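A.B. asks: Its first residue numbered 188, the sequence shown is counted upward by one per residue in this note's numbering.
Ideal Cβ placement from N, Cα and C applies to all residues, glycine included.
On a predicted model such as this, the values are computed, not experimentally measured, just so you know.
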Amino acid sequence: MALILVLVCLGITAAGYMLFPGRTNLLVFGVDYVDPAIVGTQARSDTIILATVDPVNSYIGLLSVPRDLWVPIPGFGENRINTAHYFAETQQPGNGPGVLLETVRQNFGIPVDYFLRMRFEGFRGVVEAMDGVDLELEKPMAGYPTGVHHLKARKALAFVRDRSGSDDFFRMEQSQVMLKSIIKTMSKPEKWPRIPVVLSAAMKMVNTNLPAWMWPRMIMSFLWVGPDGIDSRIIDREMVTPFTTDQGAQVLLPNWGLINPLVREMFQR
188 MALILVLVCL GITAAGYMLF PGRTNLLVFG VDYVDPAIVG TQARSDTIIL ATVDPVNSYI
248 GLLSVPRDLW VPIPGFGENR INTAHYFAET QQPGNGPGVL LETVRQNFGI PVDYFLRMRF
308 EGFRGVVEAM DGVDLELEKP MAGYPTGVHH LKARKALAFV RDRSGSDDFF RMEQSQVMLK
368 SIIKTMSKPE KWPRIPVVLS AAMKMVNTNL PAWMWPRMIM SFLWVGPDGI DSRIIDREMV
428 TPFTTDQGAQ VLLPNWGLIN PLVREMFQR
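See the structure below:
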């Protein structure tokens, strides 16, 4: 009987830890192609999103970072934040995510230990496994009018890659819209039978240091909060200053006096 009580207590403790963990911060970024065996394929990080998942307070925050943000990169000096991954991978294959993580830690002042690196060429397989995504637009984007549009894999990939917007701020917004649309589509009961095959496809496009035992926690958190409860923000035009370097590169200087309060609001609430 005592053994049974101990096992029950351990089970309750494990369940509580699984369902009600502490806050997890995650760096999500996308690259076009990464093959350490082939010189020149160490891609820059095109999409950069800082995510925070706090199941206890039912909060999920997504903060998109402009790829042209001019910041100090550990070991490489000042440059665009999206070059951190490229420089590190070129110097030593496999170091890209770690250097990008450290760049985020030092500049944004938040503890983030996990990364999710997505390869865009695998995105199409995920949407195919979903049998399409219901893209919900509150305003026209990438040639689509306001409303709901069911996109198959080819058109979904074209939406993500679209560069018709006037600048990177529009593209950051598009990335978040697609991400939330995918989550919302997969939250529908009729899509639940597809979850295993979707996860299998997702694993083929993702490299991560997130432990396998944490995945159920993350998935449960997203299901609990729901796509409409996700707090999506971007570092917008008012938080940066356009600048041209001595080498002629057009970059964005961060206004930390405006960025830091937003980071504290989202990651220290």
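For TRP257, count neighbouring C-beta atoms within 10 Å of its own C-beta (all shown protein chains included) and say buried if the count is 16 or more, exposed if not.
C.D. replies: Looking at its Cβ environment, which holds 16 or more other Cβ atoms inside 10 Å, TRP257 is buried.
A.B. asks: Where do the N-terminal and C-terminal ends of the beta strand (DSSP E) with THR432 fall, by residue?
C.D. replies: Note, THR432: premise wrong, no beta strand (DSSP E); not H, not E.
A.B. asks: Taking a contact to mean a Cβ-Cβ separation below 8 angstroms, would you say ARG304 touches VAL393 in this structure?
C.D. replies: Cβ distance < 8 angstroms, so ARG304 and VAL393 count as in contact.
A.B. asks: For the alpha helix (DSSP H) that GLN293 lies in, which residues bound it at each end?
C.D. replies: Where GLN293 is concerned, the enclosing alpha helix (DSSP H) stretches over 283-295.
A.B. asks: Should VAL252 and LEU213 be called a contact, given that it needs their Cβ atoms to be closer than 8 angstroms?
C.D. replies: Going by C-beta atoms, VAL252 is not nearer than 8 angstroms to LEU213.
A.B. asks: Report the option in ILE247, GLN278, ALA316 whose CA atom is closest to the CA atom of ARG210.
C.D. replies: Among ILE247, GLN278, ALA316, the Cα nearest to that of ARG210 is on ILE247.
A.B. asks: Mind checking who LEU249 pairs with in its DSSP beta bridge?
C.D. replies: Per DSSP, ALA238, SER419.
A.B. asks: Tell me whether LEU197 sits in a helix, a strand or coil according to DSSP, three-state version.
C.D. replies: Its pLDDT being 40, under 50, LEU197 is placed unreliably by the model, and the measurement read from it follows with that caveat. The answer is helix: DSSP assigns LEU197 an H, G or I state.
A.B. asks: Excluding sequence positions up to five away, which residues of its chain have a Cβ less than 7 angstroms from the Cβ of THR432?
C.D. replies: Closer than 7 angstroms at Cβ, skipping near neighbours: VAL438.
A.B. asks: Excluding five sequence neighbours on each side, which residues of the same chain lie with their C-beta closer than 7 angstroms to the C-beta of GLY312?
C.D. replies: Within the same chain, GLY312 has close Cβ partners ALA388, LYS391, MET392.
A.B. asks: For GLN455, which of helix, strand or coil comes out of DSSP?
C.D. replies: In the structure shown, GLN455 sits in coil (DSSP, three-state: anything other than H, G, I, E or B).
A.B. asks: Express the C-alpha separation of ALA316 and VAL385 in angstroms, rounding to a whole number.
C.D. replies: Whole-angstrom Cα-Cα distance: 5 angstroms.
A.B. asks: Rank ALA238, LEU344, HIS337 by C-alpha distance to the C-alpha of ILE417 and give the top, closest one.
C.D. replies: For ILE417, the nearest C-alpha among the options comes from ALA238.
A.B. asks: Who are the near neighbours of GLY319 in its chain, counting only those whose CB is closer than 7 angstroms to its CB and skipping five residues on each side?
C.D. replies: HIS337, LEU338, LYS339, listed in sequence order.
A.B. asks: Need the endpoints of the alpha helix (DSSP H) that LEU410 sits in, please.
C.D. replies: Taken as a continuous stretch (DSSP letters only), the alpha helix (DSSP H) holding LEU410 covers 402-412.
A.B. asks: By the 10 Å Cβ neighbour count, where 16 or more other Cβ atoms means buried, how is ASP354 classified, buried or exposed?
C.D. replies: That one is exposed.
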